[in-house]
Structure formats: structure tokens, C-alpha cells
Amino acid sequence: MSAAEAPRPEEYNPFDPAHVDDHFATLAALRESVRVHQPMPGVYYVPRYDDIVEVCRRPEEFGQGGFEPLEADSRPPELIQLGESDPSEHTKVRRILAAALSPPRMRAYEPIVHEICAEIVDRFAGRGQADLIEDLGAPLPAQVIGRLAGIPAEMRHRLRPYSDDLIGARAQPDPDEARRCQQRVNAFDEELRAVIADRQRSSDRPDDLMAQMIEYRDEEGQPLHNEKILTTLSKDVIVGGIETTTHLIGNLFYLLLSEPGLFERVRADRSLVPVAVEETLRHHNPVQVLFRRARVDVDLFGTPVSAGEVVCLGYSAANRDPRVFDDPEAFRLDRPDPRRHLGFGWGIHLCVGAPLARLEATAGLNAVLDRIAHMELAPEADYQRVLFFMMRGPTRMDVVFDQG
Ligand code: HEM
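For the sequence shown, position 216 matches number 223 in this note's numbering, and the numbering has no gaps at all.
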């Protein structure tokens, strides 16, 4: 949708990919005019930073829940992923993932991630042109997460298509295509079940995320259900960690290359690399919107919300809230607190993979800067956003460059 066709703020529908495509001016107007916007009956969109933090602060009133009606509630607990679960089920799996993905663990993992990034960048650095999604943003998280999660090396190149299929099974508008995605997901799930079973039988267990889930015992000595291990691996780690990081890398290069001289400035001062990553997570956050479901009747900043209704956390609107960020529409590397964004959410569901995502994006950018002195968007490059309404990331990122 072109700017001329942008929806009026009161018509904004966060589920409509055409509305979301170029929505920042609409969101700015919406954020100034209302605290709660109702795009459809039973759905409430919250655009302001402080208000989203307030909703996240109250998980007993605003529980987890997707945009599909009460889907989570009809499934057994082992099939519900971490991001959709409420305490105490949430607390148990969160602890395992938080330990496996903690900042100290990530520091120990740094040399491996640098090695993976160097190998990936070496494959295209001599070519003078690349699609940074196909050549970097897609393979990097699949290789890193596959290794960290204990997925056999020969399966890792299939993690990205698996993740796409998992999303396609829910988001594809064509029901036949959605069914085909689900069939491919079912087949890969079977392979993952076999990997988990093999690892359970084997006494030689590398210290990775799969081993940590297999070895987990609760206070009563009970292990995690095998289907819970599969759900956590597939939905929380593979889907939660691959597509998001691909988009972060795509958006990061898009923003760096859209302003002449910025790539070279960051190359000359590497302390700006992590700052550029954080500012990308604010300005072009991959996860545009997420959901909570009211657990009780509740007052949402003056709007009555009934139990079971959906609250949309407008992370992309909040990340440009002028009450919190000066000059919010600008991509700037001199913000006093670059990590203040809501790109990873807030509160008990704050992204548990954030330390890994930060490591991958900084290592990926550094590997490019190590080998490439000057890079530009290709003349034909065009930011085509992925169609899934929740996400912001380019489908391709065509660049041309000189080697360093
Ligand atoms: C740039 C990359 C990433 C972005 C932008 C991102 C974004 C987010 C956001 C916004 C949330 C909050 C969910 C909510 O409010 O309900 C979240 C949660 C989560 N993320 Fe990430 N994520 C990224 C990378 C990762 C990685 C690498 C992993 C795993 C390896 C991961 C796993 C998760 C999980 C499991 C949750 C749910 C946490 C919970 O409910 O306690 N994410 N992520």
C-alpha cells in the first residue's frame, strides 16, 4: 500500500499486511490520539510504550494467548510453547532455556559463532554482490541454533524451510498451501522425534540445549515430556530464533546502507556495531506486534475488556513513542540508552533468546566489516516486506561491494 493509500488511524488493522506495510505515519497519529484502539470487536491495540509495559507487568490479568481464538487452551500442556504459556508451566521451561541461552553461556559460545559467521561470509565475499538474506541472514541463525540445540549437522540446512513451513501452516492464506506446509512440518517433526530418542539412548551427550532438556528433572524427579522437548525445540527455539534473527540482520543492513557513509563509519568504529544492532531492534523491530488475552474482566486504560478478549501489544508503535525516544523516526547511533526499546518485549516473557540474537547479529556484521570495505544497496534493491503481518523484515537484500 502506498503512503497515499495508508489507512486512516481509526481504520488501522494490525492483522492486515497491507496496512502494516508502511504503517509508521499511521501509528504516530494513532499513538497521539488514543491509548487503546479497537480494530475489530474483542480486539484492542495498545500503541504507547508505558501502557505496553504496564500490560506486561500484569500477567495475572493479561495472560498469554495468540490471535487464534482460545487455541492454546484446548491443547495439552506439552504442546503449548513457552511464549504461549502462563506460570507455572512457563516458569519451568523458561528456567531451562534461560540457563542454556544466558549471557555467560553466550560468551563461551562466541568463538564458535565467529567461526560460523566467517565461513558464511567467505562464501560470498569474493563475489562483489550478494543477497544478504539468502547469503547471510538465513543461513547464519539456522547454523548457529542448529549447533546450539544439538540438531545433527546434516539436518541444519533444513531448519530454515522447516521454520517457514511452521509459519506457513498458520499464516498461508491458501488452505491447500497451508496443508502442504503442515505435511512437511509433520515429516520433519518425526525426524526430530527420532533425534531426541537417539540422544536419550546415547550415553555420549554433548552439553547442548537438547541434552539440558533431556536431563531436566522437576522437584518430583519427573523429566520433561518428549513432546514438550519437541515443541520447545521447534516452536520456541527454531521458529522463535531463526526467522526473527534473519529479519534483524536484513533490517540492520538495510538501515546501515540507506544512509550514505554509515557502513564505513561503523566499520571504522566497531564500538558502534552493538549500538547499530540495538537501534535496529528499536527502529525496525522484527516482531511488530504480539498478543495477550484478558484472563478476567479488566479496565484497559479506560476501555472495558472482557475475559477472553485479545490485547495487541503494538511494539512497533511503542518503539517510536516520542514520550520515550527523542527524534523517534530517525535511526541514530547516539541514543543515551540504546537498549531501552521493546524489540525483545518486556517482563516475564522478555525474549529468552536475546543474548543469542545479539551475539549473532554483532558477529554477522563484524564478519562482513572484516572482509568488505565498502558496500551499497544494489541499484535494483527494493525493501519488499515479508507478508506475515506480525513480522518486519525484507524478503531480499541485494547489495554490491568492494572487498577490504
Ligand atoms: C532478533 C531476534 C529476536 C527477536 C526480535 C525476538 C523477539 C521476541 C519478543 C518480542 C518476545 C516477547 C514475546 C511476548 O511479549 O510475548 C520474544 C520471546 C521469546 N523469544 Fe525471541 N526474539 C528473537 C530471537 C530469539 C532467539 C534467538 C530465540 C531462541 C533461541 C528466541 C526465543 C524466544 C522465546 C522462547 C520467547 C518466549 C519467552 C517467554 O515467553 O518467556 N528468540 N522474542
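C-beta: ideal position from N, C-alpha, C; glycine also.
Inset, instruction - Report buried or exposed for Glu227, applying the criterion of at least 16 other Cβ atoms within 10 angstroms of its Cβ. - result: exposed
Legend entry - As assigned by DSSP and simplified to three states, the class of Val359: coil
Inset, instruction - Note down the Cα distance separating Pro46 from Ala105, rounded to an integer number of angstroms. - result: 35 Å
Inset, instruction - Taking 8 Å as the threshold, find out whether the stretch 380-388 comes into contact with the stretch 107-119 through three or more Cβ pairs. - result: no
Inset, instruction - Just the C-alpha distance for Arg224 and Asp333, rounded to the nearest angstrom, thanks. - result: 48 Å
Inset, instruction - Taking 9 Å as the cut-off, decide whether the C-beta atoms of His290 and Phe351 are in contact. - result: no
Legend entry - Alpha carbon of Thr33 to alpha carbon of Phe395, nearest angstrom: 19 Å
Inset, instruction - Tell me whether the beta-carbon of Arg277 lies closer than 9 Å to the beta-carbon of Leu376. - result: yes
Legend entry - C-alpha distance - Asp341 paired with Val312, whole-angstrom precision: 40 Å
Inset, instruction - Throw me the rounded Cβ distance for the Gly144 and Ile245 pair, which I believe falls under 8 Å. - result: About 16 Å separates the two Cβ atoms, so there is no contact after all.
Legend entry - CB contact flag (Ala283, Leu264, <9 Å): no
Inset, instruction - Identify which residue in Asp306, Val303, Leu288, Asp304 has its Cα closest to the Cα of Ser323. - result: Leu288
Inset, instruction - Determine the contact status of Val60 and Tyr51, defining contact as a CB-CB distance below 9 Å. - result: no
Inset, instruction - Would you identify the three-state DSSP class for Gly228, choosing helix, strand or coil? - result: coil
Inset, instruction - Tell me, please, which residues DSSP counts as bridged to Ile379. - result: Gln410
Inset, instruction - Can you say whether Ala13 is buried or exposed, counting buried as having 16 or more other CB atoms within 10 angstroms of its CB? - result: buried
Legend entry - DSSP state of Pro267 mapped onto helix, strand, coil: coil
Inset, instruction - Rounded to whole angstroms, what's the CA-CA distance from Ala156 to Tyr56? Just pull it up for me. - result: 33 Å
Inset, instruction - Answer yes if the stretch 126-137 comes into contact with the stretch 85-100, meaning at least three C-beta pairs across the two stretches below 8 Å, and no otherwise. - result: no
Inset, instruction - Check Ala6 in the structure and name its three-state DSSP category. - result: The shown model of the chain, from 8 to 411, leaves out residue 6, and the question about it has no answer.
Inset, instruction - May I ask whether a heavy atom of the ligand HEM can be found less than 8 Å away from the beta carbon of Leu255? - result: yes
Inset, instruction - Please find out if some non-hydrogen atom of the ligand HEM comes closer than 8 Å to the beta-carbon of Gln71. - result: yes
Legend entry - The alpha helix (DSSP H) enclosing Val294, as first and last residue numbers: No alpha helix (DSSP H) holds Val294; DSSP gives it neither H nor E.
Legend entry - DSSP state of Met47 mapped onto helix, strand, coil: strand
Legend entry - Whether Gln410 touches Gly133 by CB criterion (9 Å): yes
Inset, instruction - Confirm, please, whether the CB-CB distance from Ser241 to Leu320 is below 9 Å. - result: no
Inset, instruction - Please confirm whether any heavy atom of the ligand HEM lies closer than 8 Å to the CB of Gly6. - result: Here the chain has residues from 8 to 411 only, and residue 6 is not among them.
Inset, instruction - Would you identify the three-state DSSP class for Arg64, choosing helix, strand or coil? - result: coil
Inset, instruction - Would you check whether the ligand HEM has a heavy atom nearer than 8 Å to the C-beta of Ile355? - result: yes
Inset, instruction - With DSSP as the reference, label Val53 as helix, strand or coil. - result: strand
Inset, instruction - Note down the Cα distance separating Asp306 from Glu316, rounded to an integer number of angstroms. - result: 12 Å
Inset, instruction - Please confirm whether any heavy atom of the ligand HEM lies closer than 8 Å to the CB of Ile203. - result: no
Inset, instruction - Reducing DSSP to helix, strand and coil, say where Gly371 ends up. - result: helix
Inset, instruction - Alpha carbon to alpha carbon, how far is Phe408 from Thr270? Give it in angstroms, no decimals. - result: As written in the sequence, residue 270 is Phe, which differs from the Thr given in the question. Going by the C-alpha atoms only, they are around 11 Å apart.
Legend entry - Contact under 9 Å by Cβ, Gln326 with His348: Before going further, note that residue 326 is Asn rather than Gln in the sequence given. Against a cut-off of 9 Å, the Cβ pair of His348 and Asn326 comes out as a contact.
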